[in-house]
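Input: a single structure, listed below in structure tokens.
Protein chains: 2
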Amino acid sequence: MSGEEKGTYCTVSFSPDGVATDVVRGATVLEACRSAGIAIDAVCGGTGKCGRCKVRPEGSFDPGDTSTLTSEERRSGIVLACDATVTGDLEVEVLPRSRIRKHQILTRTPEAPVARLSPWLKKVLLELPRATLHDNTADFERIQRTLGDRDLKMPIVTLRNMPHVLRKGDWTVTATVADLEGRGEITRLEPGDQCGSLLGLAVDIGTTTVVGQLIDLLTGDVLASASEYNRQISKGEDVIARMMYGEEEGFEELTDLARETVNSVIERLLDDVSRGREEPLTTHDLAGASIAGNTIMTHFFVGLDTRFIRLEPYVPVAHHMPPRSGYDLKMDIHPSSEVLLFPSRAGYLGGDVVADVLASGMHRSNDVTMLIDVGTNGEIVLGCDEWLVSCACSAGPAFEGGEVSCGMRAMHGAIDRIRVNEDLTTSYHVIGDESPNGICGSGLIDLVAEMYEHGVIDRKARIQALPTDRVKRTDEGLEFVVEHKDRLGKGATADLVVTDADLQNILRTKAAIFGAATVLLKKMGKELDDLDSLVIAGGFGNHLDIDRAVSIGMFPDIPREKYRFIGNGALEGARLALLSSEMRNDLVEIFEEMTYIELSVDDDFYDEFSSSLFIPHTDLEKFPSFRERKLPEGTV
Amino acid sequence: MSGEEKGTYCTVSFSPDGVATDVVRGATVLEACRSAGIAIDAVCGGTGKCGRCKVRPEGSFDPGDTSTLTSEERRSGIVLACDATVTGDLEVEVLPRSRIRKHQILTRTPEAPVARLSPWLKKVLLELPRATLHDNTADFERIQRTLGDRDLKMPIVTLRNMPHVLRKGDWTVTATVADLEGRGEITRLEPGDQCGSLLGLAVDIGTTTVVGQLIDLLTGDVLASASEYNRQISKGEDVIARMMYGEEEGFEELTDLARETVNSVIERLLDDVSRGREEPLTTHDLAGASIAGNTIMTHFFVGLDTRFIRLEPYVPVAHHMPPRSGYDLKMDIHPSSEVLLFPSRAGYLGGDVVADVLASGMHRSNDVTMLIDVGTNGEIVLGCDEWLVSCACSAGPAFEGGEVSCGMRAMHGAIDRIRVNEDLTTSYHVIGDESPNGICGSGLIDLVAEMYEHGVIDRKARIQALPTDRVKRTDEGLEFVVEHKDRLGKGATADLVVTDADLQNILRTKAAIFGAATVLLKKMGKELDDLDSLVIAGGFGNHLDIDRAVSIGMFPDIPREKYRFIGNGALEGARLALLSSEMRNDLVEIFEEMTYIELSVDDDFYDEFSSSLFIPHTDLEKFPSFRERKLPEGTV
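Written as structure tokens, this is what we have:
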């Protein structure tokens, strides 16, 4: 680099992190953050839309467009990292809310037991007759003959090692046999008797987090669990932002990041289980894997273009991919191991939902069950052992921290439970017991229910101009103060408020979910009363106050004992499919039998959605327990 | 490199090539040859055993062990390149006979027609319904649905390109479908209608030469043929030398060299067919390949260890390998294309012989047929449509130019036909019509037959001390002068002679073949008269005078009209298996049904071999046509 060119570089340092990086003059502050390894919240992928990446720089910079900031924020020197550019050396304070922080990640295993431990991976002890001049068939054919399976396959990597393993084990070897889709394959050979240990990996590749379990395939036990943020987050927080990033430039990068995250989880699982062992486990000890993820994450992970999922008519490259090898997917497991990829049903109804269904057991029950998984999208499955219908609604990311100014994901600093007091002050619980930075999904549902109960909002979720300092008017309309600035987390520059616009987003989200549920029931000629069971899947459900979710008209008003939480159904489904050949077959059946209804072209859906844009609904008959309650004054 | 270290390097230049190379002081001249790219004949892999790598250095060198050279050779400054070491700068003359030269390579297609053109590769035009919101299943499932095959597979490479190809072709695409072992797989998708062209590759990977054909799978036509030396030759001419080289250090190198050779043949085939075309063919146009080779070449090509084939009890890694992709084998064809690898039956009975059987059609005929393929080893198959037995005999490389002082392969400069005149001078034909450098297999058979007929040798192939300048006595015994030095090729330093030792090697070779043939017949309770047909396969057969081969007792004395030549049966078999699913199934049947008899532990074989160590045989009843002829005087 010449002396002159060198001048185009600027040093950007970050507090309180104490790290610095050199970036080219004109780079955005967000780019500097990424370069320095500062995990910053940029839901929109850095396009200036979400307004989440607030930082306070000091030094030489161009603030860029700050029109989405409050005048108070502007006054205190806050800018958006994605729009502010570096014009010289700079010190940057990253506001706490802008950081990606530790989540509450579910690795809990629900109680539902495995039907029968029958993994499609097994170990077989082979005591082969020694090769002699009278019997000098090839090593591979000797193994086929001993196993009595002439159609047995062997990947080239295993084939290459085979002669040495056979002779090292003096003709006694342990074969790991994978039986996938009727095709037997020896994926690994070990010298001697190694039948006492057989390990597998179950993974849920989520948009936000990747969770893995290391599983003993001989006992079904979960030996270790680990989770980590999906490293793709730095390229856009939601799937749309990431798909756009991938289309523009970073497709391979996104695939690499997804794989890196999975491999990092694997490393932690192996470290965890190896602790205290005489011989630490190696990646080669992982004999197989089962992976559930939404359609987009699965595409990125395998390396398939997501472009046509994003664009209408939302077409994935493939739903049901044949098993791949660990080597194919660059996973840190045995290179020949089979990796079962959960099939998706649609672009926005992925393998994670198929896994939910598997984990719920609804496909094996006479009961008519509805399964709801609320994340950035809401996915709903209705059915029993004879039929299954499903749909996805773009519920919007309101409950995942998006599109709501005070929203955040269920991580440390998030209000997850809240009550509005008689004087309209609030009482709440914060994850991690710290000062609040925002409100996560379950908190938002609480908040709407409470605000409605206290007459702060009407049936259309419009804030009422009450004579209290908790309701304020701004240029954009009314807002409700959830907590004052001085009681918020360090670095807070404004009160924690929920605005009219926020509430409309939440209302649309809950209406989409309830509307979709109603459409599915209608398609099958069912009423709410016909539901024998309602299963809530996903991390969201675990923190949820069902009563309040029902009271705002988000979930059906059926007897509460019919509700069941299965937690991380994607991970649980992945585990089940790894442990049981029956479950693996079920998986294919679920995929093949589940009808998918595209709501975006469904006339019913728009009607049902519109009818649900009320608290709880235009049709109070649908909410009998709510009807009996005393409605607050001033409501329509 | 420091100045002093530099002094340890010496420059070796070669004449008449005009090339030079630097090697470390102490390197052998053979290493210098290899470094300079001089293709030198080192049958034994440079272990000093074959005495073929004669060179004449001038300058600073240590001649090494010259005890195997004649005194005349020693006097003229000749040394063995593998044993002579470089001690300073050097000029080296490589003697013409020591060079690897242009072979006569068979690419002729025998007349036997394909049973029915039914390739396991086909192209299918797919006119897919356009994806809409009402029908937005994934691209892959759309193709499965259109083809009505839900079990259809697709390699990951094809899957990745698929969405773009579908849209480029506006939902009309051409799928290349491979049907291998009951599993349908789309290996390639092209936009639009490309059904008019479908090409495949048939390859025979021989120890000496690699021969390929580019085949039109729609018509069965051979569009181009090309051949090239197996580049492994520089690491040892025969399989034993190469296996040893591989075990010591150069295993991956041998795999790379085999693949390089195949890829070079492919390049030439594509160039050949592309000439004059508007759009030249690319490697991606090769949709599949069929490869026949002996067990060792196949192992090297796939990358499997050959160590245990070389050592007793001669065990390959695998006989029947599942098809691999072009990508797996690093072949310059479509990466997803299926490559059919011919199964071997034993370490020394390879896919080339299975291909011979396929090409001969003997497995489909009522006739009892014997197939003989003579190369470095002799392989013999006996059978009909109901049974097949086979064996391999280490015939020795006498007919391939090894273990015979005047022997060479059937390349330019080799005597391939010879007559001994009444005055014991000789008349002969030289391949390429040049001065002779040696005698190839067919020439040696002629020579032995003629020498016997003229009383130069007795029934035990011992040279008679006749009063003629053509018979000379040396320290090692008697030798017969085939041609005087002055009539030989440029650079000849001695007469072209055949020695007693040479003749004993030839005798053992012919005895091994006839003995093995007799054992197979005996095992099946058959007599020579029961043979309906005798098929000679391999390059050797094409130049052969059957009458003479019978007269020395190498081939059975049955009516000559029962003899049939199929030339390069390995290549022909590879072609047939590519063009016909039936033939591909036959291949597996031949592999599974053919019994292999290990002669090295067969008591009968030693007896039969010993009885055959006479001209033509101890039992003249076996050679009726010979018995009727006038025997030369002085014979036993």
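Protein chains in written order, with this note's numbering: chain A, 7 to 642; chain B, 7 to 642. C-beta: ideal position from N, C-alpha, C; glycine also.
- Judged by their CB atoms, Arg514/A and Glu243/A are not nearer to each other than the 9 angstroms cut-off.
- If one requires a minimum length of 3 residues, the beta strand (DSSP E) runs lying completely within the region 493-567 of chain B are 502-505 and 539-543, in chain order.
- With respect to Gly294/B, Ser343/B sits close: the two C-beta atoms are nearer than 9 angstroms.
- Residue burial is scored here from C-beta neighbours: Ala471/A has fewer than 16 other C-beta atoms within 10 angstroms and is therefore classed as exposed.
- Taking a beta-carbon distance threshold of 9 angstroms, His340/B does not count as an interface residue toward chain A.
- The three-state secondary structure of Asp608/B, taken from DSSP, is coil.
- Interface annotation, Leu96/A: not in contact with chain B, CB-CB separation never under 9 angstroms.
- Taking Ala184/B as reference, the option from Arg237/B, Leu224/B and Trp126/B with the minimal CA-CA separation is Trp126/B.
- Remark: C-beta atoms of Val363/A and Val504/A do not approach each other more closely than 9 angstroms.
- Residue pairing by DSSP places Phe67/A opposite Val92/A in a beta bridge.
- When Cβ-Cβ separations below 9 angstroms define contact, Met368/A makes no contact with chain B.
- Closest option to Phe307/B, judged by alpha-carbon separation, among Glu266/B, Ile386/B and Pro442/B: Glu266/B.
- Bounds of any alpha helix (DSSP H) do not take in Tyr320/B, whose DSSP letter is neither H nor E.
- Residues of chain A with a Cβ closer than 9 angstroms to the Cβ of Glu147/B are, in chain order, Pro322, Ala324, His325 and His326.
- For Tyr612/A, the number of other beta carbons within 10 angstroms of its own is below 16, and it is reported as exposed.
- Close to Ser606/A, with beta-carbon spacing below 7 angstroms, are these residues of chain B in chain order: Leu139.
- Residues of the region 163-174 of chain A whose Cβ lies closer than 7 angstroms to any Cβ of chain B, in chain order: Leu165, Arg166, Met168 and Pro169.
- In the DSSP assignment, Ser280/B falls within the alpha helix (DSSP H) that extends over Phe257 to Ser280.
- Among the CB atoms of chain B, none fall inside 9 angstroms of the CB of Pro622/A.
- At the C-beta level, Leu207/A and Asn236/A stay beyond 9 angstroms of one another.
- Around the beta carbon of Asn443/B, 16 or more other beta carbons sit within 10 angstroms, so the residue counts as buried.
- Contact with chain A is found for Glu318/B, since one of that chain's Cβ atoms lies less than 9 angstroms from the residue's Cβ.
- Nearest neighbour of Leu158/B by Cα position, chosen from Gly190/B, His140/B and Ile46/B, turns out to be Gly190/B.
- The CB of Ala144/A comes closer than 7 angstroms to the CB of Val321, Pro322, Val323, Ala324 and His325 in chain B, given here in chain order.
- The C-beta distance from Leu526/A to Leu388/A rounds to 4 angstroms, short enough to meet the 8 angstroms contact threshold.
- Listed along chain A are Ile162, Leu165, Arg166, Met168 and Pro169, each with a C-beta nearer than 9 angstroms to that of Leu310/B.
- Using a Cβ-Cβ cut-off of 9 angstroms, Lys159/B is close to Pro328 of chain A, given in chain order.
- With a contact defined as Cβ atoms closer than 8 angstroms, Leu355/B and Met368/B miss out at about 15 angstroms.
- For Leu205/B, the pairing in a beta bridge is given by DSSP as Asp222/B and Leu292/B.
- For Asp613/B, the closest Cβ of chain A is not nearer than 9 angstroms.
- Ala352/B belongs to the set of residues whose beta carbon lies under 9 angstroms from a beta carbon in chain A.
- Neighbours of Phe306/A in chain B, taken as residues whose beta carbon is under 8 angstroms from its own, are absent, since the nearest beta carbon is some 12 angstroms off.
- If you ignore the 5 residues before and after Leu204/B, its C-beta comes within less than 8 angstroms of the C-beta of Pro125, Leu127, Lys128, Lys129, Thr182, Asp222, Leu223, Leu224 and Ala293, all in its own chain and listed in chain order.
- Per DSSP, Pro169/B is one residue of the alpha helix (DSSP H) stretching across Ile162 to Lys174.
- Excluding residues up to 5 positions away in sequence, Phe146, Glu191 and Ile192 lie with their Cβ nearer than 7 angstroms to the Cβ of Met160/A in the same chain.
- With a contact defined as Cβ atoms closer than 8 angstroms, Val360/A and Asp379/A miss out at about 11 angstroms.
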